[in-house]
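Engineer: According to the working numbering, the sequence shown is numbered sequentially starting from 40.
Take this structure first; my questions come after.
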Amino acid sequence: MITTAEQIKGGQAVYQKYGLMDYGSVLGHGSYLGPDYTAEALHIVVTAMQDFHAQRDYGKPFAELNKGQQAVIKEKVKAEIKENRYDPATDTLTLTEAQVYALQKVREHYRTVFTQGDGNGILPNLIREEHMPKTDRAWVAEGDQLTQIADFFFWTAWLASTNRPGETHTYTNNWPYDEAAGNTMSFSSIWWSAVSVALLIGFTALSLYFYHRYKLDMEEAYTPGNFPRFDLAAVPVTVSQRKTAKYFTVVILLFLAQVMLGGLLAHYYIEPDSFYGLDWIADLLPFNIAKGYHLQLAIFWIATAWLGMGIYVAPVVGGREPKRQGLLVDILFWALVVLVAGSLIGQWLGVKGYLGNLWFWLGHQGWEYLELGRLWQFVLAVGMGIWLFIVYRGLRDSLKAETDKGGLVHLLFYSAIAVPAFYIFAFFFNPGSNITYADYWRWWIIHLWVEGIFEVFAVVVIGFLLVQMGLVTKKSTVRALYFQLILLLGSGVIGTGHHYYWIGAPEMWIGLGAVFSALEVIPLTLLILEAYGQYRILQQGGVHFPYRAAFWFLISTAIWNLVGAGVLGFLINLPAVSYYQHGSFLTPTHGHGAMMGVYGMFAIAVLLYTLRNIVKPEAWNDKVLKIACWGLNIGLAGMILVTLLPVGILQLAESYQSGFWAARDPSFYKDPLVTALLWWRALPDTIFIVVGVLPLTWFVVKSFFRLRTPTVTDGERL
40 MITTAEQIKG
50 GQAVYQKYGL
60 MDYGSVLGHG
70 SYLGPDYTAE
80 ALHIVVTAMQ
90 DFHAQRDYGK
100 PFAELNKGQQ
110 AVIKEKVKAE
120 IKENRYDPAT
130 DTLTLTEAQV
140 YALQKVREHY
150 RTVFTQGDGN
160 GILPNLIREE
170 HMPKTDRAWV
180 AEGDQLTQIA
190 DFFFWTAWLA
200 STNRPGETHT
210 YTNNWPYDEA
220 AGNTMSFSSI
230 WWSAVSVALL
240 IGFTALSLYF
250 YHRYKLDMEE
260 AYTPGNFPRF
270 DLAAVPVTVS
280 QRKTAKYFTV
290 VILLFLAQVM
300 LGGLLAHYYI
310 EPDSFYGLDW
320 IADLLPFNIA
330 KGYHLQLAIF
340 WIATAWLGMG
350 IYVAPVVGGR
360 EPKRQGLLVD
370 ILFWALVVLV
380 AGSLIGQWLG
390 VKGYLGNLWF
400 WLGHQGWEYL
410 ELGRLWQFVL
420 AVGMGIWLFI
430 VYRGLRDSLK
440 AETDKGGLVH
450 LLFYSAIAVP
460 AFYIFAFFFN
470 PGSNITYADY
480 WRWWIIHLWV
490 EGIFEVFAVV
500 VIGFLLVQMG
510 LVTKKSTVRA
520 LYFQLILLLG
530 SGVIGTGHHY
540 YWIGAPEMWI
550 GLGAVFSALE
560 VIPLTLLILE
570 AYGQYRILQQ
580 GGVHFPYRAA
590 FWFLISTAIW
600 NLVGAGVLGF
610 LINLPAVSYY
620 QHGSFLTPTH
630 GHGAMMGVYG
640 MFAIAVLLYT
650 LRNIVKPEAW
660 NDKVLKIACW
670 GLNIGLAGMI
680 LVTLLPVGIL
690 QLAESYQSGF
700 WAARDPSFYK
710 DPLVTALLWW
720 RALPDTIFIV
730 VGVLPLTWFV
740 VKSFFRLRTP
750 TVTDGERL
């Protein structure tokens, strides 16, 4: 008995407990400073097996053999790796002598890395036995944790290089690319890439036909020269609406903290164990903790902005301020404060090893984008439930009055229900779940909850606000919204499959993911037409239009929807490209363009729309907000064009030429050109922070002290 299933599962738990998915990756999913442990372990296995057979057959190391002898050994190792020796009847996997030798080499390598540090962000003695009790461990098996995590990495290398029973491709559809292991692109990756492009062209034409044939855009509700006039002094302000100001103040402070951490992470790619010589910063906030914070804060501030906007809109739609609505708003606010503070403290304590068996509940859960411990997930779910109750109380009268169950108010409420409802999938897995199963449901949160349901909610809210302001007709808006939602959900749900290409899921996901993720580009492209309509509103409204700042960010949202989510997403989603780039810098290229460009810009738009109605008119300053808007857009575009995209292209080329393990080896970032590109990122980062974030932060914090007095109290109609 060399190792056991319990030992391998324990290794997965160790990987999660120390937040290593926020440093490196397994099966390509995770972060990018560290190696991809699957690809690295596979390379160690192949090299060790080649040396084993070279010594046995020729009496010397593989590197000293002539080309003919090396060719013989290479083919022998490929055949040996590909053969599946798992017996389902006895639930036993038999390893060859060469594979056992390779496993020992994998164990030696990771024992050295996690004991001595790797000089690339992993601090010495990261994993310690004293961090866990000797017996009755939570998810981690008894015994040496270093052996467990090494066995887990070896197991992922095995499933990535061994053929599925009865198939000619591996469990991961031949990913990662490593010719020495016999891993090359499969036919299905090439074929479905071509099919997806062809269908994209056809369905784009079909969608445009329906869009124009049935006039599925939002029609203006005013005639030329009669643009609606807005008297902000006459806009009612309720107690609960005024209380949203503290939500938005927290939003902007979390945003500021998030981007500062982003700057720290960018520097770590150049100096992994220090920050301009300040080693204590890397000790306090190593890459894996800083990366987890960076991602969690992004979700927290964006989601909080949307929650605050929903609280503001509810009485506007319902036409009445429910009794004690302000109290519920306060309760939710403090629940969010506890959530943010508790989860961030817990993540630090968990990764540092201070929580013992409570690491999963209170510490770092171990999944990228789902770092917060399970207890904090429950707090988040309860908080969203309270928010939905607040929104329902505000909408209740209008829901009763609207007889059409598919009308605009009901559509708004349905989209609000979906926000907490779809988060339930976060509870479908735990550290004992198979990593393929866990990653399947994890993407339901990242892709469907964050990218899908949030997008649906955003589209519906924008439509409602345009109607509420008298800018577009209600009938055309409902029609346009249904068309957009059909396209968004019709392509987006199954389009999640592009995340399943290489994680151990069946080969069918290559076809489904390729086709539907390509079709996701269509609704994002059509949103640029909506941006033109918003630009027309800005032009016709002129300087007297009070919501100009919000519309600048709405237009930014639509543009980044096309560029960040659409173009950059399509760039990496074709299986033929994804095979080589999966887990490279091209992924955060798309991630930054979509997360900040779409969801971040929209969060700022709704923040400014809400503040415009509750802040004293004389305290408003569009000039500052215009500077911030340009700073954020130029800075974000600069991050992508100066560093993320070119480094991603270089990494893609390295993967294609040398194998994915080489593209993710830390030495890649030491290449002079790559290092220069990483340094140049300081310029767009500075623009983003100094010209974009800081003016916006100053404005929002100042606005918190310049709020209008409520004109509507509990139980009164607006």
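Every residue, glycine too, gets a C-beta built ideally from N, C-alpha and C.
This one's a predicted model, so the numbers in the text were calculated from it and none came from an experiment.
Taking just the CA atoms, how far does Gln155 sit from Val458?
Structural biologist: 44 angstroms
Engineer: To the nearest angstrom, how far is it from the Cα of Gln187 to the Cα of Trp700?
Structural biologist: 22 angstroms
Engineer: Mind checking which residues open and close the beta strand (DSSP E) that includes His403?
Structural biologist: His403 to Trp406
Engineer: Quick check: the Cα distance between Thr207 and His449, rounded to an integer number of angstroms?
Structural biologist: One Cα belongs to Thr207, the other to His449, and the distance between them is close to 51 angstroms.
Engineer: Measure the C-alpha to C-alpha separation of Glu569 and Leu451 and round it to an integer number of angstroms.
Structural biologist: 19 angstroms
Engineer: With which residues is Asp183 paired in a DSSP beta bridge?
Structural biologist: Answer is none; Asp183 lacks a bridge partner.
Engineer: Where do the N-terminal and C-terminal ends of the beta strand (DSSP E) with Glu410 fall, by residue?
Structural biologist: Leu409 to Leu411
Engineer: Reducing DSSP to helix, strand and coil, say where Leu132 ends up.
Structural biologist: strand
Engineer: Looking at Leu37: is its Cβ nearer than 8 angstroms to the Cβ of Leu601?
Structural biologist: Summary: the structure shown does not reach residue 37, with the chain confined to residues 40 through 757, and so no result is reported for it.
Engineer: Please give the ranges of any alpha helix (DSSP H) in the segment 352-422, keeping only runs that are unbroken, at least 4 residues long and fully inside the region.
Structural biologist: 364-390 and 398-401
Engineer: Would you report the Cα separation of Pro325 and Gly160, rounded to the nearest angstrom?
Structural biologist: In a straight line, the C-alpha of Pro325 is about 7 angstroms away from that of Gly160.
Engineer: For Gly49, which residues in the same chain have their Cβ closer than 6 angstroms to its Cβ, ignoring the five residues on either side in sequence?
Structural biologist: Val179, Ala180 and Gln187
Engineer: Measuring alpha carbon to alpha carbon, tell me which of His333, Gly731 and Phe314 ends up nearest Gly677.
Structural biologist: Gly731
Engineer: Assuming Leu593 and Ile611 are in contact, meaning their beta carbons sit under 8 angstroms apart, how far apart are those beta carbons, in whole angstroms?
Structural biologist: So it is not a contact: roughly 26 angstroms between Cβ atoms.
Engineer: Where Gly502 and Thr649 are concerned, what is the direct C-alpha to C-alpha distance, given to the nearest angstrom?
Structural biologist: Taking the straight line from one Cα to the other gives about 15 angstroms.
Engineer: Is Leu735 close to chain B, meaning its C-beta is less than 8 angstroms from at least one C-beta of that chain?
Structural biologist: Protein chains in the displayed structure number just one, and chain B is not present.
Engineer: Helix, strand or coil for Tyr619? Go by DSSP, reduced to three states.
Structural biologist: helix
Engineer: When DSSP labels each residue in this structure, what does Val276 get in the three-state scheme?
Structural biologist: Of the three classes helix, strand and coil, the one that applies to Val276 here is coil, per DSSP.
Engineer: List the whole-angstrom C-beta distance separating Gln507 from Phe266, where the pair is believed to meet the contact cut-off of C-beta under 8 angstroms.
Structural biologist: Rounded, the Cβ-Cβ distance is 16 angstroms, inconsistent with contact.
Engineer: What residues match up with Tyr479 in a beta bridge as DSSP calls it?
Structural biologist: DSSP output for Tyr479 lists no bridge partner at all.
Engineer: Measuring CA to CA, which of Arg413, Tyr476, Pro354 and Leu419 is closest to Gly433?
Structural biologist: Pro354
Engineer: Could you work out which residue in Tyr210, Arg203, Gly358 and His82 is closest to Lys439 when comparing CA atoms only?
Structural biologist: Checked all of Tyr210, Arg203, Gly358 and His82; the closest Cα to Lys439 is Gly358.
Engineer: Is it true that the segment 327-338 meets the segment 53-72, where meeting means three or more beta-carbon pairs spaced less than 8 angstroms apart?
Structural biologist: yes
Engineer: Could you pull out every residue in the same chain whose Cβ sits closer than 6 angstroms to the Cβ of Thr628, ignoring the five residues on either side in sequence?
Structural biologist: Leu607, Ile679, Leu683, Leu684 and Gly687
Engineer: Give me the Cα-Cα distance between Asp96 and Ile112, rounded to the nearest whole angstrom.
Structural biologist: 9 angstroms
Engineer: Less than 8 angstroms between the CB atoms is what I'm expecting for Ile726 and Gly670, so what's the real figure, rounded?
Structural biologist: 6 angstroms
Engineer: Counting Cβ pairs closer than 8 angstroms, one from the segment 515-532 and one from the segment 460-472, do we hit at least three?
Structural biologist: no
Engineer: Between Arg363 and Asp753, is the Cβ-Cβ spacing less than 8 angstroms?
Structural biologist: yes
Engineer: Beta-carbon separation of Leu142 and Ile41 under 8 angstroms?
Structural biologist: Yes. Within cutoff.
Engineer: Whose C-beta lies closer than 7 angstroms to the C-beta of Leu139 among residues of the same chain, with five residues either side of it excluded?
Structural biologist: Note that residue 139 is Val in the sequence shown, not Leu. These residues qualify, in order along the chain: Ile41.
Engineer: Whole angstroms are fine: how far does the CA of Gln55 sit from the CA of Trp400?
Structural biologist: 12 angstroms
Engineer: For Leu717, I'd like the list of residues in its chain whose CB is within less than 8 angstroms of its CB, leaving aside the five on either flank, ordered along the chain.
Structural biologist: Ala305, Tyr308, Ile309, Thr682, Val686 and Tyr708
Engineer: Thinking C-beta only, is Ala374 closer than 8 angstroms to Phe743?
Structural biologist: No, Cβ-Cβ distance for Phe743 and Ala374 is not below 8 angstroms.
Engineer: Would you please state the rounded distance, in angstroms, between the beta carbons of Met634 and Ser595? I believe it to be under 8 angstroms.
Structural biologist: Their Cβ separation, rounded to whole angstroms, is 14 angstroms, which puts Met634 and Ser595 out of contact at 8 angstroms.
Engineer: Let me confirm a value: Asn652 is counted as buried when at least 16 other C-beta atoms fall within 10 Å, else exposed. Which label applies?
Structural biologist: buried
Engineer: Would you mind working out which of Met171, Phe193 and Ala544 sits nearest Glu147, comparing C-alpha positions?
Structural biologist: Phe193
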